[in-house]
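The C-terminal residue of the sequence shown carries number 163 in our numbering, and the numbering is unbroken.
Built from N, CA and C at the ideal position, the CB exists for glycine as well.
Here's the structure, in structure tokens; my notes come after.
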Amino acid sequence: MKKTLLLLLFAFAVTFAHAQKKTIVYQQMGPRLNKKTVEGIITETYTTQRKGLTFIWFRIGNDTLVHVWKKHLDTTRMKVGARTTFRSVKRLQGNLWKKEQSEIPVIPKHN
């Protein structure tokens, strides 16, 4: 009985710790496609490339990533440290949006 309880407690602790590490990934869709929004202060912005496509990412806090296509990019309000509301977002799920070997970071060129 003690071993079963100990194993159950251990399994619960591992599951709880694993659930805390999840990052939620969203994609900003075209305007007026839905009413879902994500709001927060942008802590990081970066660009990656995968299979010839460029992906622009914004990190909000520690656990939220928002992908924005270049045609929806608003450089006047989407800056690090700015409170921004991403409207018409869709949650991305599955293995398709996890980093893979073909995804490489794009290093910005400084003049």
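query                                                                                                                                                              : result
Could you please give me the residues that DSSP links to GLY92 through a beta bridge?                                                                              : THR136
Tell me the rounded alpha-carbon separation between MET53 and LEU59.                                                                                               : 10 Å
Please list, in chain order, all residues of the same chain as GLN79 whose beta carbon is under 7 Å from its beta carbon, the five residues on each side excluded. : HIS119, VAL141, LYS142, LEU144
Please report the straight-line C-alpha distance between ARG139 and ASN86, rounded to a whole angstrom.                                                            : 8 Å
Using a Cβ-Cβ cutoff of less than 8 Å, which residues in the same chain neighbour ARG84 once the five nearest sequence positions on both sides are dropped?        : SER140
Is ILE112 buried or exposed, if buried means 16 or more other CB atoms sit within 10 Å of its CB?                                                                  : buried
Rounded to whole angstroms, what is the Cα-Cα separation between GLY82 and ARG135?                                                                                 : 20 Å
Return the CA-CA distance between ILE93 and ALA65, expressed in angstroms with no decimal places.                                                                  : 31 Å
Identify every residue that forms a DSSP beta bridge with PHE206.                                                                                                  : One cannot answer for residue 206 here, as it falls past the ends of the chain, which runs 53 to 163.
Does the separation of the CB atoms of ASP126 and THR75 fall below 8 Å?                                                                                            : no
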